[in-house]
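Visitor: Chains as they are written, first to last, in our numbering: chain A, 1 to 369; chain B, 370 to 738; chain C, 739 to 1107.
Even for Gly, the Cβ is constructed at its ideal location relative to N, Cα and C.
Note that the structure is predicted; figures quoted are calculated from it, not measured.
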Amino acid sequence: MKLLLAEIRHNKLLWLLVFVPVLFASHKIKPEAHTLHFVLSVLAIVPLAALLSHATESVAAKTGDTVGGLLNATLGNLTELLIALTALRAGQYMLVKASIAGAIVTNSLFMLGASFLLGGLKHRIQEYNRGSARMQAGMLFLAAVALLVPSAVSEADSVANAAFTQKLSVGLAVVLIITYVLGLLFSLKTHPELFKSVEVGGAEEGHGHGQPLPMGIALATLAGVTLLVAGVSHVFVESVQVAAESFGMTPAFVGFIVVALVGGAAEMASAFSGARKNRLDLSVGIALGSSSQIALFVAPVLLLLSYVLGPAPMNLQFWPGAVVMILLATLTACLVTNSGRSTWFIGVLVLMMYLIFAMTLFLMPPQVQ
Amino acid sequence: MKLLLAEIRHNKLLWLLVFVPVLFASHKIKPEAHTLHFVLSVLAIVPLAALLSHATESVAAKTGDTVGGLLNATLGNLTELLIALTALRAGQYMLVKASIAGAIVTNSLFMLGASFLLGGLKHRIQEYNRGSARMQAGMLFLAAVALLVPSAVSEADSVANAAFTQKLSVGLAVVLIITYVLGLLFSLKTHPELFKSVEVGGAEEGHGHGQPLPMGIALATLAGVTLLVAGVSHVFVESVQVAAESFGMTPAFVGFIVVALVGGAAEMASAFSGARKNRLDLSVGIALGSSSQIALFVAPVLLLLSYVLGPAPMNLQFWPGAVVMILLATLTACLVTNSGRSTWFIGVLVLMMYLIFAMTLFLMPPQVQ
Amino acid sequence: MKLLLAEIRHNKLLWLLVFVPVLFASHKIKPEAHTLHFVLSVLAIVPLAALLSHATESVAAKTGDTVGGLLNATLGNLTELLIALTALRAGQYMLVKASIAGAIVTNSLFMLGASFLLGGLKHRIQEYNRGSARMQAGMLFLAAVALLVPSAVSEADSVANAAFTQKLSVGLAVVLIITYVLGLLFSLKTHPELFKSVEVGGAEEGHGHGQPLPMGIALATLAGVTLLVAGVSHVFVESVQVAAESFGMTPAFVGFIVVALVGGAAEMASAFSGARKNRLDLSVGIALGSSSQIALFVAPVLLLLSYVLGPAPMNLQFWPGAVVMILLATLTACLVTNSGRSTWFIGVLVLMMYLIFAMTLFLMPPQVQ
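1) Using DSSP bridges, identify the partner residues of residue 710 of chain B.
2) Listing by chain order, which chain C residues have their CB less than 7 Å from the CB of residue 552 of chain B?
3) Would you list, in chain order, the members of the region 310-333 of chain A that have their beta-carbon closer than 7 Å to a beta-carbon of chain B?
4) Strictly below 8 Å CB to CB, what residues from chain C border residue 503 of chain B?
5) Inspect the CB distances between the region 89-102 of chain A and the region 273-293 of chain A and report whether three or more fall short of 8 Å.
6) Quick one: what does DSSP say residue 987 of chain C is sitting in, helix, strand or coil?
7) Hey, residue 232 of chain A and residue 45 of chain A: beta-carbon distance below 9 Å or not?
8) Quick check on the DSSP output: the alpha helix (DSSP H) that includes residue 835 of chain C runs from which residue to which?
9) Does the region 1058-1065 of chain C come into contact with the region 856-875 of chain C, if we say contact requires no fewer than three beta-carbon pairs (one atom in each stretch) closer than 8 Å?
10) Mapping the DSSP letters down to three states, classify residue 723 of chain B as helix, strand or coil.
11) Would you check if the region 547-554 of chain B and the region 1080-1093 of chain C touch, i.e. whether three or more CB-CB distances between them fall below 8 Å?
12) Does the beta-carbon of residue 931 of chain C have 16 or more other beta-carbons within 10 angstroms, so that it is buried, or is it exposed?
13) Within 9 Å of any Cβ in chain A, is that where the Cβ of residue 393 of chain B sits?
14) Quick one: any contact between the region 55-68 of chain A and the region 245-263 of chain A, if contact means 3 or more CB pairs under 8 Å?
15) With 16 as the cutoff for other CB atoms within 10 Å, does residue 569 of chain B come out buried or exposed?
16) Comparing alpha-carbon positions, which option in B:591, B:702, B:643, B:699 lies nearest residue 484 of chain B?
17) Have a look at C:749, C:867, C:759, C:743 and flag the residue whose alpha-carbon is nearest the alpha-carbon of residue 1080 of chain C.
18) Find the residues of chain A that neighbour residue 728 of chain B, judging by a C-beta separation of less than 8 Å, and give them in chain order.
19) Starting from residue 560 of chain B, find everything on chain C with Cβ-Cβ shorter than 9 Å and list it in chain order.
20) By the criterion of Cβ-Cβ separation under 7 Å, what are the contact partners of residue 356 of chain A in chain C?
21) Interface residues of chain C around residue 365 of chain A at Cβ under 7 Å?
22) Could you check the C-alpha separation between residue 357 of chain A and residue 75 of chain A for me, to the nearest Å?
23) Can you tell me whether residue 247 of chain A is buried or exposed, with buried defined as 16 or more other CB within 10 angstroms of its CB?
24) With burial defined as no fewer than 16 other Cβ atoms inside 10 Å of the residue's Cβ, what is the status of residue 952 of chain C: buried or exposed?
25) Decide if residue 83 of chain A is buried, meaning its Cβ has at least 16 other Cβ atoms within 10 Å, or exposed.
26) When you compare the CB of residue 1090 of chain C with every CB in chain B, is at least one pair closer than 9 Å?
27) Under 7 Å between beta-carbons, which chain A residues line up against residue 717 of chain B? List them in chain order, please.
28) Skipping 5 residues on each side, what residues in its chain have a beta carbon closer than 6 Å to that of residue 55 of chain A?
29) Given that a residue counts as buried once 16 or more other Cβ atoms are within 10 Å of its Cβ, and exposed if not, what is residue 672 of chain B?
30) Name, please, each residue of chain C whose Cβ falls closer than 8 Å to the Cβ of residue 335 of chain A.
31) Going by DSSP in three states, residue 929 of chain C sits in which element: helix, strand or coil?
32) Compute the beta-carbon to beta-carbon distance between residue 147 of chain A and residue 253 of chain A, rounded to the nearest angstrom, for a pair I have assumed lies under 8 Å.
33) Hey, how far is the Cα of residue 291 of chain A from the Cα of residue 541 of chain B?
34) Between residue 765 of chain C and residue 1007 of chain C, what straight-line distance do the alpha-carbon atoms span, to the nearest angstrom?
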């Protein structure tokens, strides 16, 4: 507990933890104050995500490279998974899908582009391990194709078609998970030397979180914070749509941009700090690793869980605009990381693409989506 | 004849030749046993294709590099051409188009990916000549664009549109054939040194077929086997749709996957054996060379022949899903061969994309296509 | 004046200037002779564009690297801008959009491909600075995405949708202009050494125009020729559609191909001459620099000017076929310039793609566009 408090003193972000009890209290007293709850839950999720990520890494640090890598790979996007799970249980499949698509696009454009820009403003030309970037980008491209196929193929909306999309989605989910597992085997077991100086899902040194927590405390933190995130996510998902309207935001913008930025805040802090320290390997690894983890692990797991937890099975058929954005974001990540070098202007180009997508979603009349 | 028999003893695959007379006998006796004929014709085509390819190379080996290269380039996909021609004469344009699209996708994803995987399981990291891979991938990309344009442009189904698509298809066919001929000029005449250690369409050493046949026997084999393949193709095309239904396969799956795998079996054997021997240049050359040959030579030749042999002129307007698959397969081949290096996991990624396409076609309700 | 006359004597192209007065006289006497005026205005624009580009460079040469670079970057496509402005004032938004899309596609396929082919026929293998090619290609890709989004997102044609497209277009225009300005900052100020031996928008030595003009004459030429181009553009825009019909060309073909070739003739002369002299850096710089200037500067400026000069605000929603062509042309430019090496066959591949697009537009029935 002392260590946790020391951690809180060390990391300014963790002061935001005070908003967790404030949120729960406010939700008890005024359940209909959706805009307030939205703001409070955003403020509460960010430090919890940081804590969750610190606890995961602490456990990973104690359990050795392979188990640790596996832990990071499965729990690295726990916040996104918990938010999406809450939306799934509430049957808000539009929000689940928007948050999946948004997390992929946000991580591979905003996180990558801002890392390039922030690093490039301080360092003239930055180099990074393009081998690992290529593998992650390749996995992302495969996932983008998997998500594209159901929309590209099924145009008519007949009953036969719905059954086909459902079966196809399950098949795609299995393919993606198998590919993800084989990717872990490749990067952790058979060819780890190709990934030197990159740790998938976030590296400890880059976080600036101070020392790892002892095993017991780390596990307890992991369990406790997971429960808290689940609770906060519940309020967040409940309030997000109403709050969005009162801020003049479209549901698509909220799902794609706001949820993705909130869910990924902790990883972004790590990626940006790595870029400033000229450790671009770390930043690119977090950005692309996180994207591919969402696409190849979180998304298919959510689909399979929808059979158990959701009111009805979910499918992987996305709104065509989202598919186009995922495909373009992925292709951009492939082309941009191909050279293994970066300057601030590359960052600008990637960020501008994100800005174009965000602007489109912000302005879009709701019925189009 | 002795040499042919020695060849048969040497190459286990050729024992399957026994199914050729069995097929013809069975077709005489029980013309309506479609499922049986389908299985028999698949078993009969595979050894014939291997023999055809061996005879072509034997002739090529005797006639010098340039003429030999030309022979390989025109007769390398003779089996696919003969099957498609049979379907063309029967007016089954859906099957012709599906087999063209399927051969492009199967060669550039399945053959390439399985070569990477099989080679990578034995050799840690494999390198190959990326110069020639790039040229083939570039030609493939051009062909993919050519096949995309008619579908992208013509949405309405008016009469003016049908005439436009027809004229455009002929123009595209001419552009593709000219590009193919210029590509041969480039690789055989003006810049052959860029293609060192790669032989377009298959290299003799990789086949493990033993010695080349003498000229006379080779030519006689070429003529005789071509007739046999034509005969078997006739039964195959006749039985494939009925058999497909009885196996629960959709027509799209049969055209795309089954025909492509059967027609390309001989080349796949060569490509895979090359990859196992760490001669990945050979495998990549066969996979991409075969793809671009189908796209830039076989497809336009079939279109032009449809004016002479078919019941009505064919066009190059493909089902949109097929166009998307060709474009994605081609883009993948471009991105993947860009580095000139390969590991088993690259093979997995490419194979998974093929699996996604195959699964989609297998599950797809027939009316969507 | 003497210098101008010397220039005219030096550069054969400038003899065509005689068609300027001929055109104006003929337009006075026979205002309805559209086909004649079309031919005359094409013949008159080409030398004026060459003169304009020479005057711009002369001013640029006197004002130092940075201001000169800025001048080239803003006035380098003045001819295209003037033609499009005339069409804009006439409310011919279809022609404005077709000429924007056509200039992007023509510069990044025809100008680039023909440079590769012409250079490659003389020089076995040519190398160029791929760093700067990558930056230009990256900017182009961003612009292609920006132009793709409005078409990809807005399918229904409701009133809400029109307002959305309008707002989105203004936002995209601002994003593109900011990116363009930041790109100039990058290439002229912070990282000029990455662009060694490439001058965006055309380099003087490559033009073969003889000496730069003195400042006063250059400015006077700039002003006078701008007025003449504006006058000729007026006749050109007025006559182009009627003339096109009488030549059997579709409006799409005229806007995409004819206007783009006429407007870019002067730059093409520079690019091709650079390629023949084995200065491919120059050619690639002109081709891609000109494309990205049109996409990131001319197109958004025209959109913003439509609020002031046009009968109604223009938007950036293009005909889907044009978007596909821009995206494919841009992707091709990215893939092709990735290696920094070129041979004649690469030029053939790129030119064939242009030929496919031109053929499609030529054959397309007008109602499809």
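Guide: Put simply:
1) In DSSP, residue 710 of chain B forms a bridge with B:496.
2) 1083
3) Within the region 310-333 of chain A, not one residue has a Cβ closer than 7 Å to any Cβ of chain B.
4) 1077
5) Counting C-beta pairs with one atom in each stretch, the region 89-102 of chain A and the region 273-293 of chain A have fewer than three that are closer than 8 Å, which means they do not touch.
6) coil
7) yes
8) Counting along the chain, the alpha helix (DSSP H) containing residue 835 of chain C begins and ends at 831-843.
9) no
10) In this structure, DSSP gives residue 723 of chain B a helical state, which the three-state scheme calls helix.
11) yes
12) Exposed: under 16 other Cβ atoms inside 10 Å.
13) no
14) no
15) For residue 569 of chain B, the pLDDT reaches just 39, beneath the cut-off of 50, and the residue's location in the model is therefore unreliable, although a value from the coordinates is still provided. Buried: at least 16 other Cβ atoms inside 10 Å.
16) B:643
17) Answer by Cα proximity: C:867.
18) 168, 171, 172, 175
19) 862, 863, 1081, 1082, 1083
20) 883, 884, 887, 910, 913
21) Within 7 Å Cβ-Cβ: 898, 899, 902.
22) Near 28 Å, if we compare the C-alpha coordinates of residue 75 of chain A and residue 357 of chain A.
23) exposed
24) So residue 952 of chain C counts as exposed.
25) buried
26) With respect to chain B, the C-beta atom of residue 1090 of chain C has a partner C-beta closer than 9 Å.
27) 179, 182
28) 218, 221, 222
29) Around the beta carbon of residue 672 of chain B, a 10 Å sphere encloses 16 or more other beta carbons of the protein chains shown; the residue is thus reported as buried.
30) 876, 879, 1072
31) coil
32) So it is not a contact: roughly 20 Å between Cβ atoms.
33) 39 Å
34) 28 Å
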